[in-house]
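In case it helps, mature numbering (1 follows the signal peptide of the UniProt record, and there is no 0) puts the sequence shown at residues -28 to -1, 1 to 372. Built from N, CA and C at the ideal position, the CB exists for glycine as well. Keep in mind it's a predicted model, so treat the numbers as computed, not measured.
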Amino acid sequence: MISHKKRFLTFLLVLVMGLLFNSGPTEASDIEEQIEEFRREREQIENEMDNLEEHIEELEQRETTALQRLQQISNELNEQEQELVRINSEINETEDKIEKTTEELERAEEELEEKEEFLGTRMKASYQSGDVSYLEVLFDAQSFIDFLSRLTYVQSIVDRDVELIEEVEQERNKIQAKKEDLEDQKDHLNILFAEAEEKKQEIKSNQQQQERLYAELQEKRQEEEELLQAKKEEAEQLVSIIQDLQQDGDGITTSLQWPVDGFGSGWITSGYGNRIHPITGRKTFHSGVDIGIPRSRWPGSGNYTGSPVNILAADSGTVIFAGIQGSLSSGYGRLVIIDHGDGYTTWYAHARSINVSEGQQVQRGQPIAIVGSTGSSTGPHLHFEVRKNGNTQNPMGYLQ
């Protein structure tokens, strides 16, 4: 679409040039009508450019926010992966402990089995070999005291055997409880690991979604930047067409002389169109262009060098106003207006002093005033306007 429109404008430029140089005399009114039509189209393009610039700025802000969120999600993902590593490490440690505890439990059960087997074997061997039983030992006592003594001895042997078995059983039960506790811990850690893994996948999903959003914003911004560049080229071609038409008409007969002596377009401090007013802070329409100068070249400055800057007539014409508009601290301050015919006027505001008077004929490039900071101004500069039938035009469409 962009390339088609550019080709159309290029064709239009060639067509206009052909009409200008190959056709017969053209009525000034016809040329003026064409100029106005192209100016309206250029103003429409400039409005579109303003909207595009605002939208590009908005996209850049959204892009920055998306990138910051993407970095935040990346940090969250790293933290979650570290959490998974930590939980997995705890699971591995718990499994090692379970393995060791299982080995301990097996040894305890083997020990218990050995002791029980030993006691059973001892009792069986005693019976088979005809050894004296505990009862025989007791009944062989020579006296009651001897009986009690023998009973205590037998009881101690039995108690010791029972105590050994109980100790082994207690140790086995303790180890079994420890193993069950470790298995519970492992189950809990597995649950935590599953939950952490689920959260990780959720974060990764958010990351992918944010990456898509960031890529879409980048692509959209690049598309609009390309469109803005195409609009700029369209506007430049229209300016060229308008300038060529102006050379063939009356009034302003050619592109205008730069109005500030020695300080070119690089010194423009505020362009034509919508802006934030430097004094009120509100969004307003700027009806001209502001061309600044160094304070050292301004007689009102403390470090003035004694070399003021001339304001030059942008084209030949008649001075129709030379004086103060508003006051020295508000409005245009000291102002010169030159009439160039066919409805065109140029305005030169905020001058420190004026060198011409009303009704005077001036020539293109003639000094008419000194750059100053009178009226509503924040510093030394020329506020320059071009008007057609009282309506402001973008001076950059006329200036060389």
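1) Are the beta-carbon atoms belonging to P367 and V261 less than 8 Å from one another?
2) In terms of DSSP beta bridges, what is G295 paired with?
3) Can you tell me which of G344, D311, V328, N327 puts its alpha carbon nearest to the alpha carbon of A321?
4) So who's on the other strand from L24, going by DSSP bridges?
5) If I follow the unbroken beta strand (DSSP E) through Q365, where does it start and stop?
6) Output the boundary residues of the beta strand (DSSP E) element that contains A341.
7) If I'm right that G315 touches N361 with Cβ under 8 Å, what's the distance once you round it to whole angstroms?
8) Given this structure, state the Cα-to-Cα distance separating E174 from Q44, to the nearest angstrom.
9) For the beta strand (DSSP E) holding D262, just list the boundary residues, first then last.
10) Could you name the residues of the same chain whose beta carbon sits closer than 7 Å to that of L77, not counting the 5 residues immediately before and after it, in chain order?
11) Just to confirm my understanding: we take L49, look at its own chain, exclude 5 residues before and 5 after, and list those with CB closer than 8 Å. What are they?
12) Using 8 Å as the cut-off, can you tell me whether the segment 262 to 282 makes contact with the segment 232 to 240, which would need three or more C-beta pairs spanning the two stretches below that distance?
13) According to DSSP, simplified to helix, strand and coil, what is G(-5)?
14) Could you please give the first and the last residue of the uninterrupted beta strand (DSSP E) stretch that includes T318?
15) When we look at the beta-carbon of G253 and count the other beta-carbons within 10 Å, is it buried (16 or more) or exposed?
16) Do you know how far the Cα of L56 is from the Cα of E138?
17) Taking buried to mean at least 16 other C-beta atoms within 10 Å of its own C-beta, is E198 buried or exposed?
18) Residues in the same chain with beta-carbon distance under 6 Å from R359, minus the five sequence neighbours each way, listed in chain order, please.
19) Per DSSP, what kind of secondary structure is F10 in: helix, strand or coil?
20) Using the three-state DSSP reduction, which class does Q332 fall into: helix, strand or coil?
21) Going by DSSP, what residue range makes up the beta strand (DSSP E) through H353?
22) Within 8 Å (strictly less), CB to CB, does I59 reach chain D?
23) Report all residues from its chain with a CB closer than 7 Å to the CB of N246; omit the five preceding and five following residues, and keep chain order.
24) In whole angstroms, what is the alpha-carbon distance linking L228 and R193?
25) Leaving aside the five residues before and after E20 along the sequence, list all residues of the same chain whose C-beta is less than 8 Å from its C-beta, in chain order.
26) Out of H27, I70, N282, point me to the one whose CA is closest to E196's CA.
27) For E183, which residues from the same chain have a beta carbon less than 7 Å from its beta carbon, with the 5 sequence-adjacent residues on both sides left out?
28) Could you tell me the alpha carbon to alpha carbon distance between G(-5) and L210, rounded to whole angstroms?
29) Among all the DSSP beta bridges, which residues are the ones paired with G245?
30) Any idea if Q100 is buried or exposed, counting beta-carbon neighbours within 10 angstroms, 16 or more meaning buried?
31) In whole angstroms, what separates the C-alpha of Q215 from that of G274?
32) Output yes or no for whether 8 Å exceeds the beta carbon distance between L284 and F293.
33) CA-CA distance, S299 and L189?
34) How far does the beta strand (DSSP E) with L284 in it reach, from first residue to last?
35) Which one of E75, D159, I296, A168 has the shortest CA to CA distance from E330?
Taking the structure as given:
1) For P367 and V261, yes; Cβs fall inside 8 Å.
2) Beta-bridge pairing links G295 to L307.
3) Checked all of G344, D311, V328, N327; the closest Cα to A321 is G344.
4) Beta-bridge partners assigned by DSSP to L24: none are found.
5) Run containing Q365: 363 to 365, per the beta strand (DSSP E) assignment.
6) For A341, the uninterrupted beta strand (DSSP E) segment begins and ends at 339 to 342.
7) Indeed, because the Cβ distance is near 4 Å, the residues count as touching under 8 Å.
8) Roughly 14 Å separates the two Cα atoms.
9) Counting along the chain, the beta strand (DSSP E) containing D262 begins and ends at 261 to 264.
10) The beta carbon of L77 sits closer than 7 Å to the beta carbons of R144, I147, Q148, K151 from its chain, once the five residues preceding and following it are set aside; these are given in chain order.
11) Cβ neighbours of L49 beyond the five flanking positions: K172, I175, K176, Q179.
12) Touching, yes.
13) Only weak support exists for where G(-5) lies, its pLDDT of 36 falling under 50; the value from the coordinates is given anyway. G(-5) carries a coil assignment under DSSP once its states are collapsed to helix, strand and coil.
14) Run containing T318: 316 to 323, per the beta strand (DSSP E) assignment.
15) Here G253 is exposed, its C-beta having fewer than 16 other C-beta atoms within 10 Å.
16) The alpha-carbon atoms of E138 and L56 are separated by roughly 43 Å.
17) The C-beta of E198 has fewer than 16 other C-beta atoms within 10 Å across all chains shown, which makes the residue exposed.
18) Excluding positions up to five away in sequence, the list reads T317.
19) Correct three-state label for F10: helix.
20) Note: Q332 maps to coil in three-state DSSP.
21) Here the beta strand (DSSP E) through H353 covers 353 to 360.
22) Going by chain labels, chain D is absent from the structure shown, which holds only one protein chain.
23) Answer for N246: D22, K255, F257, listed in chain order.
24) Per the coordinates, the alpha-carbon of L228 lies some 36 Å from the alpha-carbon of R193.
25) Excluding residues within five positions, the ones whose Cβ falls inside 8 Å are K203.
26) Here the closest residue by C-alpha is H27.
27) The beta carbon of E183 is closer than 7 Å to those of L42 in its chain, skipping five residues each way along the sequence.
28) Confidence is the limiting factor: at G(-5) the pLDDT is only 36, short of 50, which leaves the residue's position unreliable and the question unanswerable from this model.
29) In DSSP, G245 forms a bridge with H258.
30) Low confidence applies to Q100: its pLDDT is 46, below 50, so where it sits in the model is not reliable, and the reading given next is rough at best. Under this definition Q100 is an exposed residue.
31) Straight across, the Cα-Cα distance linking Q215 with G274 is about 41 Å.
32) For L284 and F293, no; Cβs fall outside 8 Å.
33) Using only the alpha carbons, I get a separation of about 49 Å.
34) Counting along the chain, the beta strand (DSSP E) containing L284 begins and ends at 282 to 284.
35) Nearest C-alpha to E330 among E75, D159, I296, A168: I296.
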